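Asks:
Numbering (the working numbering), first residue to last: 49 to 1313.
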């Protein structure tokens, strides 16, 4: 920013002149040499000076909107510059002009100047908006009365003295007031008084007298201040500025109105200047054109708006002034190029551009600020072509560099004051789910455009980016200047610009270096390298430019420091295309140092890169040989080892083994291929030998160079023979170590080891020797010049050369393992397995090897995804639900066999069970041969699994498991015939309780497996902890019908039944289901193929859940199934009330028919006593059969009498006494069977209950004997 007048760039603020704070010299010390106590008013003046001047500093960037002034300390007698050349009382005053007006002949702007920095300086340093005068109000010391009579006289004298002094003070203020009124400046007086005077009651009258006599305003014109603390003084200064801020705004508003009136008057007048005359005489001064007056007035109004803090108004006027300036620049008649006024206008346009950009940034309108800056550069680029100072001149690029530099410095100042640089991150594509909603808001297209990215020239960056642009422009300025100097030296016809002589004095390289350095620092600040990552690409590029400038400046050591740092990053991240020119520049600097070792290293490294288009293929080789032949090392015995880590190799080196795994003592074939670069000639490199280091070999294999062969471009082969790992004898072979462009030398051989290990090539070294130089160059294995990983090939034949691609991941090594042991593993079992069975699996291992083996077995029962499956395995005394390890089969001599029986137990659910059986055999090494090795191994790390002579034989066994029996159940319920005890009978509370129902459970078993089953026993176990049921009988207890033990073949069926009495309980509702009353247990054995029986197994099945159908009121008919003709037989009706809380009023009617085959003796109609809940009543008849055969029993009707509910007055009640009868179900106990019929497809019901006892049967009547 030093290139422009600071007055045109600084942030304008209201100006306040402060007078009366002059600090007097310190008082002399007293006679004893001690300093006297300072005057409190002097201390107050010093503090006021500091507080006022620290409120606001003059700066270019000040975005703070606080109401503060730019304070300038002046003398009390300060004089303001005249408004016009003549005094106000002159008759020509109205027609006179300002001393700085272009219409004034003595003005520096006469006759066609626009704006001079002195005009800004006048309003910022010479003319204030507010003048604050600090003055002492007179005060007498306290009076000393000699006698009481002197009191009134002394008081009168003191008052007269104070009045005289106040009048003098008012006259001084009035005189100063007349000077400020002429300029429209606000005058404010601050009277400094002691605290004693502030308590004086006459102070208010004195202040009113001073205000009235001096003519001060009534608003913010008079203040009183006493010596106070610094904190209170700060509050006073703040309140003073706030009180005077409004008058200051009014002052600048009045100026704006005056300028606006002039602009309006001037716009109505029209002047015309012949452009032909202006072009013919460009150096003749002419009056300022209307466009120039527009620029003056708009610029002045913009400045006054900036004084007021109205940034938006200032921005509008600055833009209008800039537009008018562009119009003036567009006409060479108005502003002829390369004139004084033209140069002043260019400076003014640049400064206005900075003002506009700054005001945009104040409002965080970054895009508009950058757009205006770019437009400014583009417009003046077009104008410069017409002025003859276009892009081919150094003047233009110097101007561009200044624009970018001042923008960078502006952003730099802004960021230190709170300006936030926007973060330009990519916008994610809009969510398809919300695309329709956002389209309605009109932002879908905007999001789509944003997702495409952003142009960096349209997005505000940090200051480093613009420092970089300024450095690039300065670099272009230097190039154009050097071209002009070269043309001048060659006596070529060129147009020498006026600034060419001054341009020769400019140190361009220092300017470029300064700008690049600032850009580099900014990029490092705003883009710091994160953990594990290097700086950004542009940061590295700037560092490279700095190195270039250092090299051009002759500071090669600094250039090398930067290049070394950059090359390290480029190598690490693989930016080899950018690394190649950097290495060339680095080599040039090393030559100039000179540093021979560094030059050799860089030449060798550059041989691995593709040469530039204008480089000769042999240039690097020739430079290397020239360096080696023309120089000598510092020490004859020193070997220079160059480590080219992360660099492109000169020779593409690949190691490939034919086999991935080999056995101990078995040779592993390998090929080591070295390929020369196709475009760089390395055939004359003084390679004397090559060292191949194998893993496990202390001494390398050395290949000596053989000069007997010629350099060829076709593939050649060198046989390395057989290498034995562990052999310490150094071996050497000879071969041709010269490569033509793109040629390949394949080194073939075999390597073997006597113990398990890893066979690979650790490193390959090339040794170069020339003129006492000894250089050792490591080669990067399996690294390509075009990619990070090389594609290996296996040389099949030389004539013609044919290669086989090695298509596997791990090709650069071979694993040496022990030969697998010859072991036979046999697993036998009888599938399938039954649930609840102890299933035997026979494992048999036979040693077919020549060595004695120690065999162990590991068995893993795989987890099952079958629900409710319970599995376990056992062998010997080990039981597990998952893994059993290290089952010892012992040491097996060759030909020996060992076996184990594995027991599998499966329960819960059918399905497949999976077993992983691992048989591990270990070779037994004689202790005499291995004692030394074991001692060494004990002191070191434990051996790896590949070094142990072990072989694992894996077997997976899938065992299907099925159920031995398909068991189905059937439940039938019947009402009990047993008589219920009376309600008052104590036997009701007996532990046996009352049996309401009987349940008959039938279990049907079907043998579903493929193997026969020997059933040893069957049993029904009842849960004795539940008192709601009792076992009555079972078919298992019948001796004649016992079918166990017995053999059952696949498909055989047998059944078991039992009968239970269901006991009523007061604690549990009868509607609640009864849980399983017990379980059914079958003990059985599998019938093996040889007819023997396996181990005893037990299958347990739970009895079904019981839920008998419930009756509320029922009538049970009990009659014998057979009778004798003409012989009486009983017929009984049992009426039972099963309702839990309702009584029953029952009537029984016998309806005889003439067709009945019985004669009935007994009641025809009877009314049963009221049946309480849980009680019963019996009615018995005696019937005599009259005919033989199946005779139907007499018809009996049972009714439950209930109160009838009358629905209307007209309806008659049914019956005679207002009761109705509900029929009661009559059940024949001989046919009483109830069961549930399942219904398919119904939800919420398991089925319907079916009762067969409601169908009354007949009686078989036999003839009498």
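For glycine and all other residues, C-beta sits at the position ideal for the given N, C-alpha and C. Computed from a predicted model, the values in this text were never measured in an experiment.
1. For a quick check, are the C-beta atoms of residue 1006 and residue 952 less than 8 Å apart?
2. Taking only the alpha-carbon atoms, compute the straight-line gap between residue 120 and residue 174 and give it to the nearest angstrom.
3. In terms of residue numbering, what span does the alpha helix (DSSP H) encompassing residue 658 cover?
4. Could you name each continuous beta strand (DSSP E) segment of 3 residues or more that falls completely within the segment 675 to 757, going from the start of the chain to the end?
5. Compare the Cα-Cα distances from residue 1012 to each of 1058, 909, 1046 and 996 and report the closest residue.
6. Determine which residues share a DSSP beta bridge with residue 118 and list them.
7. Could you check how far apart the C-beta atoms of residue 972 and residue 905 are, in whole angstroms? I think they sit under 8 Å.
8. Would you call residue 403 buried or exposed, if buried means 16 or more other Cβ atoms sit within 10 Å of its Cβ?
9. With residue 1126 as the anchor, note down where its alpha helix (DSSP H) starts and where it stops.
10. From residue 206 to residue 189, what does the alpha carbon distance come to, in whole angstroms?
11. Do residue 1046 and residue 1109 have their beta-carbon atoms positioned less than 8 Å apart in this structure?
12. Looking at the secondary structure, which residues open and close the alpha helix (DSSP H) in which residue 127 lies?
13. Is it a yes or a no for the segment 954 to 968 touching the segment 996 to 1010, going by three-plus beta-carbon pairs under 8 Å?
14. Beta-carbon separation of residue 1106 and residue 1173 under 8 Å?
15. For residue 344, which three-state DSSP category applies?
16. Could you tell me how far apart the beta carbons of residue 230 and residue 136 are, in whole angstroms, since I believe they sit closer than 8 Å?
17. Pair every Cβ in the segment 590 to 600 with every Cβ in the segment 557 to 565, then say whether three or more of these pairs are closer than 8 Å.
18. Going by C-alpha to C-alpha distance, which of 778, 228 and 91 sits closest to residue 65?
19. Check the DSSP bridge columns for residue 1233 and list the partner residues they point to.
20. Would you identify the three-state DSSP class for residue 296, choosing helix, strand or coil?
21. If you drop the 5 nearest sequence neighbours on each side, which residues of the same chain put their C-beta closer than 6 Å to that of residue 326?
22. Over the uninterrupted beta strand (DSSP E) stretch that includes residue 859, give me the two end residues.
23. Got a sec, what are the start and stop residues for the beta strand (DSSP E) residue 939 sits in?
24. For residue 834, which residues from the same chain have a beta carbon less than 6 Å from its beta carbon, with the 5 sequence-adjacent residues on both sides left out?
25. Could you have a look at residue 1079 and say whether DSSP puts it in helix, strand or coil?
26. Mind checking which residues open and close the alpha helix (DSSP H) that includes residue 629?
27. Do three or more CB pairs link the segment 767 to 783 to the segment 814 to 832 at distances below 8 Å?
28. Exposed or buried, residue 641, counting other C-beta atoms within 10 Å across all chains shown (16 or more means buried)?
29. For residue 802 versus residue 783, is the C-beta distance shorter than 8 Å?
30. Thinking C-beta only, is residue 442 closer than 8 Å to residue 532?
31. What is the residue span of the alpha helix (DSSP H) that residue 795 lies within?
32. Is residue 554 close to chain B? Criterion is C-beta to C-beta, closer than 8 Å.
33. Can you tell me which of the three DSSP states residue 1197 falls into?
34. Can you list, in chain order, the residues of its chain whose CB lies under 8 Å from that of residue 1321, leaving out five sequence neighbours each side?
35. Opposite residue 1066 in the DSSP bridges: which residues?
36. For residue 210 and residue 186, which I take to be in contact (beta-carbon distance under 8 Å), what is that distance rounded to the nearest angstrom?
Replies: If we stick to the structure as given:
1. Position 958 of the chain shown holds residue 1006. Position 904 of the chain shown holds residue 952. For residue 1006 and residue 952, no; Cβs fall outside 8 Å.
2. Here the question's residue 120 lines up with position 72 in the chain shown. Here the question's residue 174 lines up with position 126 in the chain shown. Looking at the two C-alpha atoms, the distance is approximately 9 Å.
3. Working through the chain shown from its first residue, we reach residue 658 at position 610. From DSSP, residue 658 is part of no alpha helix (DSSP H); its letter is neither H nor E.
4. 700 to 705, 709 to 711, 716 to 723, 735 to 742 and 749 to 753
5. Numbered from 1 along the chain shown, position 964 holds the residue referred to as residue 1012. For residue 1012, the nearest C-alpha among the options comes from 1058.
6. Residue 118 sits at position 70 when you count from the first residue of the chain shown. BP columns for residue 118 point to 63.
7. The residue given as residue 972 occupies position 924 in the chain shown. The residue given as residue 905 occupies position 857 in the chain shown. About 17 Å; that fails the 8 Å criterion.
8. Taking the chain shown and counting its residues from 1, the one referred to as residue 403 is at position 355. Looking at its Cβ environment, which holds 16 or more other Cβ atoms inside 10 Å, residue 403 is buried.
9. In the chain shown, counting from the first residue as 1, residue 1126 sits at position 1078. Here residue 1126 belongs to no alpha helix (DSSP H); instead the beta strand (DSSP E) covers 1126 to 1134.
10. Your numbering for residue 206 matches position 158 in the chain shown. Your numbering for residue 189 matches position 141 in the chain shown. Residue 206 and residue 189: Cα-Cα distance of roughly 10 Å.
11. In the chain shown, counting from the first residue as 1, residue 1109 sits at position 1061. In the chain shown, counting from the first residue as 1, residue 1046 sits at position 998. Yes, these two residues count as a Cβ contact at 8 Å.
12. Taking the chain shown and counting its residues from 1, the one referred to as residue 127 is at position 79. Counting along the chain, residue 127 falls outside any alpha helix (DSSP H), and DSSP gives it neither H nor E.
13. yes
14. Counting from 1 along the chain shown, the entry for residue 1106 is found at position 1058. Counting from 1 along the chain shown, the entry for residue 1173 is found at position 1125. Against a cut-off of 8 Å, the Cβ pair of residue 1173 and residue 1106 comes out as no contact.
15. The count along the chain shown starts at 1 and reaches residue 344 at position 296. Looking at residue 344 - three-state DSSP - the assignment turns out to be helix.
16. Start at 1 with the first residue of the chain shown, and residue 230 comes out as number 182. Start at 1 with the first residue of the chain shown, and residue 136 comes out as number 88. Right, their Cβ atoms sit about 7 Å apart.
17. yes
18. Taking the first residue of the chain shown as position 1, residue 65 is located at position 17. Taking only the C-alpha atoms, the option nearest residue 65 is 228.
19. For the purposes of this step, residue 1233 is identified with residue 1185 of the chain shown, where counting begins at 1. For residue 1233, which the question treats as bridged, DSSP gives the partners 1206.
20. Numbered from its first residue, the chain shown carries residue 296 at position 248. If DSSP states are grouped into helix, strand and coil, residue 296 belongs with the helices.
21. Residue 326 sits at position 278 when you count from the first residue of the chain shown. Confidence is the limiting factor: at residue 326 the pLDDT is only 48, short of 50, which leaves the residue's position unreliable and the question unanswerable from this model.
22. If you number the chain shown from 1, residue 859 lands on position 811. Unbroken run through residue 859: none, as it is neither H nor E.
23. Walking along the chain shown from the start, residue 939 turns up at place 891. Note, residue 939: beta strand (DSSP E), 931 to 940.
24. Counting from 1 along the chain shown, the entry for residue 834 is found at position 786. Result list for residue 834: empty, nothing under 6 Å.
25. Residue mapping note: residue 1079 aligns to position 1031 of the chain shown, counting from 1. Residue 1079 falls in the strand class under three-state DSSP.
26. The residue labelled residue 629 in the question sits at position 581 within the chain shown. Where residue 629 is concerned, the enclosing alpha helix (DSSP H) stretches over 624 to 640.
27. no
28. Working through the chain shown from its first residue, we reach residue 641 at position 593. When all chains shown are included, residue 641 counts as exposed.
29. Counting from 1 along the chain shown, the entry for residue 802 is found at position 754. Counting from 1 along the chain shown, the entry for residue 783 is found at position 735. Taking 8 Å as the Cβ cut-off, residue 802 and residue 783 do not qualify as a contacting pair.
30. As a first step, residue 532 must be located in the chain shown, where it is residue number 484. As a first step, residue 442 must be located in the chain shown, where it is residue number 394. Contact flag set, yes.
31. Residue mapping note: residue 795 aligns to position 747 of the chain shown, counting from 1. First-last for residue 795: 792 to 800, but that is the beta strand (DSSP E), not the alpha helix (DSSP H).
32. Absence of chain B from the displayed structure is noted, only one protein chain being present.
33. Stepping through the chain shown from its first residue, residue 1197 is reached at position 1149. Residue 1197 falls in the strand class under three-state DSSP.
34. Because the chain in this structure spans residues 49 to 1313, residue 1321 falls outside the shown range and cannot be described.
35. Numbered from its first residue, the chain shown carries residue 1066 at position 1018. In the DSSP output, where bridge partners are listed per residue, residue 1066 has 1130.
36. Start at 1 with the first residue of the chain shown, and residue 210 comes out as number 162. Start at 1 with the first residue of the chain shown, and residue 186 comes out as number 138. Confirmed, Cβ separation roughly 6 Å.
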